[in-house]
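Residue numbering for the sequence shown follows this note's numbering, starting at 477 and increasing by one per position. Where is the CB? At the ideal position from N, CA and C, for every residue including glycine.
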Amino acid sequence: MKTLFHQTKQAFYFSLAFYLLAIASQIFHLPFAPIVISVSLLISLIWVLLVLREVLLSRALTAVECVLLILFIIGGNILAGIVYFAFIREHVIGKKSNKK
């Protein structure tokens, strides 16, 4: 089965960028602010669905961890995404970090 490892992270980064753009456009009262907010919510939905797919297909998580992580991702949205990609994803995927 093809993994969507990089696409999930890309969708999260795009969502984060669009959230920042939406906040800036709302602060400066730009006329296209509602459109940017809608796009950021749509991209956020995409990365949340991709993360939920990763969590549900993970063999490294117990059922309780899976449910708690799903609730955390859905409830926390962008802040939970930062925590997930920074600290939790390697455990879910089962890969070791190449960072030095």
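Checklist entry - Is DSSP giving LYS485 helix, strand or coil here? => result Correct three-state label for LYS485: helix.
Checklist entry - For the region 507-553, which segments carrying the alpha helix (DSSP H) assignment without a break, of at least 4 residues, lie completely within its bounds, in sequence order? => result Within the region 507-553, the complete alpha helix (DSSP H) runs of at least 4 residues fall at 509-533.
Item to check | Proximal residues to THR484 (C-beta, below 7 angstroms), its chain only, five neighbours per side dropped | outcome: The residues are TRP523, LEU526, VAL527 and GLU530.
Next on the checklist: Pop quiz: VAL568 and LEU518 are said to be a contact at Cβ under 8 angstroms. What is the actual Cβ separation, rounded to whole angstroms?
Outcome noted: Actually they are not in contact, since the Cβ atoms of VAL568 and LEU518 sit about 24 angstroms apart, beyond 8 angstroms.
Next on the checklist: Considering only the alpha carbon of each residue, which of GLY570, ALA539, PHE561 and GLN502 lies closest to ALA473?
Outcome noted: No information on residue 473 is available, as it lies outside the stretch 477 to 576 that the chain covers here.
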